[in-house]
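Written below as structure tokens is the structure these notes are about.
Residue numbers (our numbering): 491 to 717.
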């Protein structure tokens with residue numbers, strides 16, 4: 491049976507542009523290279539158009555919602571990350587060796603024997619750790635498994651997808667695309683490999699619990715008013 495829903499073509503077009511843009515941007519993650527920077531922004535523009543088109547949608551099935559959310563992130567998994575990731579890897583790595591990243595900057599002579607093949611990519615190697623203790627614990631746990639770029643990326647993507655799930659359950663799939671299909675969100679965790687999803691998840695969870703608690707209190711007050 492042909493889908494006659496008036497928003498079906500728009501949904502398909504939006505999804506295709508988002509996924510196509512993700513596929514195009516993936517090989518162009520080295521934003522410091524001015525020779526390829528225009529490709530990054532052109533690909534981001536394709537994703538942006540797909541995202542803006544999704545604002546006109548009035549219904550999105552769970553299959554479409556999750557299909558686009560997951561596919562776009564998977565396409566960005568092999569993307570060249572931001573240089574922050576190398577510090578995450580390094581600080582987790584040296585913790586497994588018994589060193590504190592707060593006491594030793596990456597270029598400390600004491601750590602020279604433990605330098606890795608990607609050590610030279612660490613930004614501001616003369617500065618010791620600035621990330622909070624719980625974040626450092628996360629880096630250490632991941633590095634204890636394997637100080638691997640893709641493992642760290644997956645560890646950032648999974649909480650991000652959990653946020654998508656929490657939002658869709660509370661507000662529905664249409665409203666939740668503002669987060670789940672947002673090119674900036676997709677790039678930040680799956681492409682750029684930033685760890686911020688680790689604190690966004692508990693913040694969103696706490697916010698939603700507060701909303702539900704507030705609604706419950708309002709309902710109780712409303713129930714008690716007639717009496």
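Note that the Cβ used here is the ideal one computed from N, Cα and C, for glycine as well. Source: prediction; values computed, not measured.
Answer with buried or exposed for residue i, where buried requires no fewer than 16 other C-beta atoms within 10 angstroms of its C-beta.
i: residue 562; result: buried
i: residue 703; result: exposed
i: residue 590; result: exposed
i: residue 671; result: buried
i: residue 577; result: buried
i: residue 689; result: exposed
i: residue 580; result: buried
i: residue 493; result: Per-residue confidence for residue 493 stands at a pLDDT of 49, beneath the threshold of 50, marking its modelled position as unreliable; no derived number is given.
i: residue 548; result: exposed
i: residue 657; result: buried
i: residue 627; result: exposed
i: residue 570; result: buried
i: residue 623; result: exposed
What residues in its chain sit with their C-beta under 6 Å from that of residue i, if we drop five residues either side in the sequence?
i: residue 640; result: none
i: residue 699; result: none
i: residue 629; result: 578, 581, 582
i: residue 616; result: 595, 597
i: residue 526; result: 518
i: residue 619; result: 581, 591, 592
i: residue 608; result: 576
i: residue 476; result: Here the chain has residues from 491 to 717 only, and residue 476 is not among them.
Taking the continuous alpha helix (DSSP H) assigned at residue i, which residues delimit it?
i: residue 506; result: 498-515
i: residue 594; result: That residue, residue 594, is in no alpha helix (DSSP H); it is neither H nor E in DSSP.
i: residue 542; result: 524-544
i: residue 650; result: 639-661
i: residue 561; result: 552-566
Given residue i, which residues of its chain have a CB within under 7 Å of its CB, disregarding the five upstream and five downstream residues?
i: residue 679; result: 646, 647, 650, 687
i: residue 500; result: 543, 546, 547
i: residue 664; result: 547, 548, 549, 550
i: residue 660; result: 698
i: residue 491; result: Confidence at residue 491 is low in this model, with a pLDDT of 39, below 50, so the placement of that residue should be treated as unreliable; the coordinate-derived value is given next. No residues qualify anywhere along the chain.
i: residue 604; result: 584, 587
Does the Cβ-Cβ distance between residue i and residue j come in under 9 Å?
i: residue 537; j: residue 676; result: yes
i: residue 573; j: residue 613; result: yes
i: residue 551; j: residue 508; result: no
i: residue 534; j: residue 557; result: no
i: residue 644; j: residue 566; result: no
i: residue 530; j: residue 515; result: yes
i: residue 505; j: residue 540; result: yes
Just checking my contact of residue i with residue j at CB under 8 Å: how many whole Å lie between their CB atoms?
i: residue 667; j: residue 555; result: 7 Å
i: residue 701; j: residue 642; result: About 32 Å separates the two Cβ atoms, so there is no contact after all.
i: residue 584; j: residue 564; result: Not a contact, Cβ separation roughly 30 Å.
Looking only at its own chain, which residues have a Cβ that is under 8 Å from the Cβ of residue i, when we skip the five neighbours before and after it?
i: residue 611; result: 573, 576
i: residue 652; result: 691
i: residue 694; result: 653, 656, 657
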